[in-house]
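Protein chains in written order, with this note's numbering: chain A, 1279 to 1616; chain B, 1279 to 1616. Here a beta-carbon is modelled for each residue, glycine too, at the ideal position from N, C-alpha and C. These notes concern the structure reproduced below.
2 protein chains.
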Amino acid sequence: MEEIITMAHGSGGESTSRLISEVFAAEFSNEYLAGMEDASVVPVSSKIAMTTDSFVVTPYEYPGGNIGRLSVCGTVNDLLTSGAVPKYLTAGFILEEGLPISSLIRVVRSMAETAREAGVIIVTGDTKVIESASKDGGVMINTAGVGVITENAHCYKATQVKPGDVIILSGTLGEHHATILSRRMGLDNESLESDNAPLIDIVHNLEESGAAVHAIRDVTRGGLATVLNEYARAAGVQIVIKQDAIPVKKAVKDFCGILGLDPLYMGNEGKMTIAVDPADATKALEIIRGSKYGADAAIIGSVIAVPEEEKPALLLETSLGGNRIMGPLYGEGLPRIC
Amino acid sequence: MEEIITMAHGSGGESTSRLISEVFAAEFSNEYLAGMEDASVVPVSSKIAMTTDSFVVTPYEYPGGNIGRLSVCGTVNDLLTSGAVPKYLTAGFILEEGLPISSLIRVVRSMAETAREAGVIIVTGDTKVIESASKDGGVMINTAGVGVITENAHCYKATQVKPGDVIILSGTLGEHHATILSRRMGLDNESLESDNAPLIDIVHNLEESGAAVHAIRDVTRGGLATVLNEYARAAGVQIVIKQDAIPVKKAVKDFCGILGLDPLYMGNEGKMTIAVDPADATKALEIIRGSKYGADAAIIGSVIAVPEEEKPALLLETSLGGNRIMGPLYGEGLPRIC
């Protein structure tokens, strides 16, 4: 008979302790976790970056990944955008009663593998179990991350974006969002796969190259349009992107076409958008294309000063040549895609 | 009309951004959060402690506190047990659709007040919204914490507990658990109130005193019996506690009596148990009694070597004089008390 998560696993007693040693510690095994104290002590430099992200995606397993891989990628990518070297993660699990232990193990294993890929370690964790409306159970994960800011770390900030800057997108848009939506609709579209990935290599190689990168953001919930609106507002500029230059895979285009969705507003889990000095744009593009998960990178637009009597904004130059103002995502209720 | 949380608040778009600025940033306001980047950079010494805890208690507001206060206390107390000075918290919110904004504000405000009381700052956050089975909505919070390990920090470890050590409990048992259970049963017992509290003062004063403290643990899920079993196993000792010496408030005693519950297994959110060298036991007790939240502290037992052919264990000396082995909590399914 298959073992399932019961309320006892959340009690803090014997069952919790078995779950921790047999599932979490077995997969994450490292010198910091081994102490099994309530907090872990880890060495750092004199400045750290901190971030946190909760993951609630349903289904928690999907083509191309699962919530475990996602929870590492999301937090690692957030740390990267601050110029930090991602180092340590915490993992907080909220498990729904009824979750099969075998599913949890797949999720945890994937989390451990992704952590190794990203060069981070999970140093401390926590588990709670809650009642579930459905009988299959589910899993939610919070990962908080600490990254080290080295002495010669780059400082990326939305406020540093300036007129003339070139906007690069590290790859194709919309895969994660389309994959999750497709699954939630009960479709079994084999050509769709989540892009969930830790973008260590792209950011590290850019740093090494010395290219004058002014801002980096990962393009997650809210999509590219929301991130570029944040750049525009923070820096007091306009950003003009060309519709034809934005890479989108055919499967995503087809899916969006049928449902009337715009890839510019769709969530991704393995894409960065970068504002770089025009002198270094070509070099930066080549570096990203030569990096893991960066093969489809493209220059998609540039930054201009705000014309008189206009406001900071994102403008889309459509295939027909017209310019359209694209606001940030507003009030869209697409649940549990990340 | 009352504003409620809708799926749009979790979209990552405009509504999310309004929620963040009007609710979270308004309450937590500090120089690190002000940047509104995905990760925050904070100064630290060369070693830090990290911990994480998710809070899922229902009801999320209860006599004596709410999930916001709880989420700060839990993580601060975990950091304290590692010898660290608690410094920075991350806050990950999972909100259920339908949650009244006014309730969220009460929770967030309480979180901010407790952070100020504990001397920590919330440096970064995240918000997700999920569908809810009930129409009133709920809230779950993950807090991860970073504490600084100073050069002359004390090192507390369960493995350092040794025969002869005196066991001190910082106050009365069972209030949080009894309060939550009572509310979940629909009772309105005015004499029950959660003990949720950050125990900075107790630990700081003990450190300053130079008392030879070997281990400190906060007594949460699983209760005192589970923590003392962890001490016994980690250190390879037996711990003997006296039933008559364990402080329990009358309201909790009465509540437990009716339901057949044992305060030794009940969760607390503002209690520490301390193993201290016998030479310093009286001094340590006085210091705790003179500290905030420590007035009811008591010496409850001591540590002995494991007799031949016996195993590490927790023994309860009952009022009648007999000795009873108390295992860790096993398989109890009391949901959502923390």
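Nearest candidate by alpha-carbon position, reference residue i, set the options
| i | options | result |
| --- | --- | --- |
| SER1381 (chain B) | B:LEU1451, B:PRO1321, B:ILE1283 and B:GLY1600 | B:ILE1283 |
| TYR1434 (chain B) | B:ALA1411, B:ASP1555, B:GLY1403 and B:GLY1415 | B:ASP1555 |
| GLU1588 (chain B) | B:VAL1526, B:ALA1510 and B:LEU1537 | B:ALA1510 |
| ALA1396 (chain B) | B:LEU1348, B:VAL1301 and B:ALA1312 | B:LEU1348 |
| LEU1367 (chain B) | A:ILE1519, A:THR1421, A:GLY1290 and A:PRO1364 | A:THR1421 |
| ASP1522 (chain A) | A:ILE1536, A:LEU1542 and A:LEU1537 | A:LEU1542 |
| SER1295 (chain A) | B:ILE1615, B:ALA1490 and B:GLY1500 | B:GLY1500 |
| PHE1371 (chain A) | A:TYR1608, A:GLU1471 and A:THR1402 | A:THR1402 |
| LYS1413 (chain A) | A:VAL1481, A:GLY1376, A:LYS1561 and A:ILE1326 | A:GLY1376 |
| CYS1534 (chain A) | A:SER1597, A:ILE1603, A:VAL1481 and A:HIS1455 | A:HIS1455 |
| ILE1582 (chain B) | B:GLN1516, B:ASP1540 and B:GLY1548 | B:GLN1516 |
| ARG1614 (chain B) | B:PRO1476, B:GLU1281, B:ALA1475 and B:MET1544 | B:MET1544 |
| ILE1536 (chain B) | B:LEU1465, B:LYS1561, B:PRO1321 and B:TYR1571 | B:LEU1465 |
| THR1498 (chain B) | B:GLU1486, B:GLU1547, B:GLY1343 and B:GLY1538 | B:GLU1547 |
| MET1389 (chain B) | B:VAL1350, B:ALA1573 and B:LYS1365 | B:VAL1350 |
| GLY1415 (chain A) | A:PRO1378, A:GLU1391, A:GLU1429 and A:HIS1432 | A:PRO1378 |
| ILE1566 (chain A) | A:ILE1326, A:PRO1337, A:ARG1602 and A:ALA1489 | A:ALA1489 |
| GLY1361 (chain B) | B:ARG1387, B:ASP1331, B:ALA1327 and B:GLU1309 | B:ALA1327 |
| GLU1453 (chain B) | B:GLU1305, B:SER1597, B:SER1487 and B:LYS1549 | B:LYS1549 |
| GLU1305 (chain B) | B:GLU1508, B:ARG1387, B:LYS1440 and B:ASP1540 | B:ARG1387 |
Assumed close pair residue i, residue j - CB separation to whole angstroms, cut-off 8 angstroms
| i | j | result |
| --- | --- | --- |
| THR1551 (chain B) | VAL1505 (chain B) | 6 angstroms |
| ASP1356 (chain A) | GLY1423 (chain A) | 7 angstroms |
| VAL1385 (chain A) | ILE1446 (chain A) | In fact, because the Cβ distance is near 33 angstroms, the residues do not count as touching under 8 angstroms. |
| VAL1426 (chain B) | VAL1398 (chain B) | Not quite, the Cβ-Cβ distance comes to about 11 angstroms (not below 8 angstroms), so this is no contact. |
| VAL1526 (chain B) | GLU1595 (chain B) | No, VAL1526 (chain B) and GLU1595 (chain B) are not in contact; Cβ-Cβ is about 16 angstroms, not under 8 angstroms. |
| ILE1419 (chain A) | PHE1333 (chain A) | 5 angstroms |
| GLU1292 (chain B) | TYR1608 (chain A) | 4 angstroms |
| ASN1474 (chain B) | GLY1343 (chain B) | 4 angstroms |
| VAL1322 (chain A) | SER1324 (chain B) | 7 angstroms |
| ILE1480 (chain A) | TYR1571 (chain A) | 6 angstroms |
| SER1448 (chain B) | LYS1561 (chain B) | Not confirmed; about 15 angstroms, so no contact. |
| GLU1485 (chain B) | ALA1436 (chain B) | Not really, about 18 angstroms apart at Cβ, beyond 8 angstroms. |
Paired residues, beta bridge with residue i - DSSP
| i | result |
| --- | --- |
| GLU1339 (chain A) | A:ASN1344 |
| ALA1493 (chain A) | A:ALA1553 |
| ALA1591 (chain B) | B:GLN1516 |
| PHE1306 (chain B) | DSSP lists no partner for PHE1306 (chain B). |
| ASP1404 (chain B) | B:GLY1370 |
| PHE1333 (chain A) | A:ILE1419 |
| VAL1426 (chain B) | B:ILE1326 and B:VAL1363 |
| PRO1321 (chain A) | B:LYS1325 |
| ILE1282 (chain B) | B:PRO1378 |
| ILE1615 (chain A) | Bridge partners of ILE1615 (chain A): none, in fact. |
| ILE1445 (chain A) | A:ALA1553 and A:GLY1579 |
| ASN1474 (chain A) | For ASN1474 (chain A), which the question treats as bridged, DSSP gives no partner whatsoever. |
| ILE1566 (chain B) | DSSP output for ILE1566 (chain B) lists no bridge partner at all. |
| ASN1601 (chain B) | B:GLU1595 |
| VAL1399 (chain B) | The question names Val, but residue 1399 (chain B) in the sequence shown is Ile. B:TYR1366, per the DSSP bridge assignment. |
Residues near residue i by beta carbon distance below 8 angstroms, same chain, minus five either side
| i | result |
| --- | --- |
| GLY1568 (chain B) | ASN1483 |
| GLY1514 (chain A) | VAL1584 and PRO1590 |
| GLN1438 (chain B) | HIS1492, ALA1493, ALA1513 and ALA1553 |
| LEU1593 (chain A) | GLN1516, ILE1517, VAL1518, ILE1519, ASN1601, ARG1602, ILE1603 and MET1604 |
| GLU1391 (chain B) | ARG1347 |
Same chain, Cβ closer than 6 angstroms to residue i, neighbours up to 5 away in sequence not counted
| i | result |
| --- | --- |
| GLY1288 (chain B) | LYS1406 and VAL1407 |
| LEU1442 (chain B) | First, the amino acid is wrong: residue 1442 (chain B) is Gly here, not Leu. Closer than 6 angstroms at the Cβ level, and outside the excluded window around GLY1442 (chain B), lie PRO1556. |
| LEU1373 (chain B) | ILE1283, VAL1407 and VAL1417 |
| LEU1470 (chain B) | ALA1456, THR1457, SER1460 and ALA1529 |
| GLY1352 (chain B) | ASP1331 |
| ILE1478 (chain A) | ALA1396 |
Same chain, Cβ closer than 7 angstroms to residue i, neighbours up to 5 away in sequence not counted
| i | result |
| --- | --- |
| THR1359 (chain A) | TYR1434, ILE1494, ARG1495 and ASP1496 |
| LEU1297 (chain B) | HIS1287 and THR1405 |
| TYR1340 (chain B) | THR1457, ILE1458, ARG1461 and SER1472 |
| VAL1444 (chain B) | VAL1554, PRO1556, ALA1559, ILE1577 and SER1580 |
| MET1563 (chain B) | Note on residue identity: the sequence assigns Leu, not Met, to residue 1563 (chain B). Excluding residues within five positions, the ones whose Cβ falls inside 7 angstroms are ILE1446, ALA1575 and ILE1577. |
| ILE1383 (chain B) | VAL1301 |
Heavy atom of the ligand NAP within 7 angstroms of residue i beta-carbon
| i | result |
| --- | --- |
| ASP1479 (chain B) | As presented, the structure is devoid of all ligands, the ligand NAP included, so that no description of it is given. |
Quiz prompt | Members of the region 1509-1532 of chain B near chain A, C-beta cut-off 7 angstroms | solution = none
Item to check | Interfacial residues, the region 1372-1399 of chain B to chain A, with Cβ spacing under 7 angstroms | outcome: ILE1372
Mind checking the region 1284-1308 of chain B against chain A and listing, in chain order, the residues whose C-beta falls within less than 8 angstroms of any C-beta there?
THR1284, MET1285, ALA1286, GLY1288, SER1289, GLY1290, GLY1291, GLU1292, SER1293, THR1294 and SER1295
Select from the region 1412-1428 of chain B all residues with a C-beta closer than 8 angstroms to any C-beta belonging to chain A, and list them in chain order.
MET1418, ASN1420, ALA1422, GLY1423, VAL1424, GLY1425 and ILE1427
Checklist entry - Just by C-beta distance, which residues in the region 1319-1349 of chain A are closer than 7 angstroms to chain B? => result VAL1319, VAL1320, PRO1321, VAL1322, SER1324, LYS1325, ILE1326, ALA1327, MET1328, THR1329, THR1330, ASP1331, SER1332 and VAL1334
Worksheet entry | Contacting positions in the region 1469-1500 of chain A - beta carbon closer than 8 angstroms to chain B | ARG1495, ASP1496, THR1498, ARG1499 and GLY1500
Exercise. Using a Cβ-Cβ cut-off of less than 7 angstroms, list which residues of the region 1437-1452 of chain B approach chain A; keep chain order.
Key: none
Near-chain B residues of the region 1547-1581 of chain A (beta-carbon distance less than 8 angstroms), N- to C-terminal order
none
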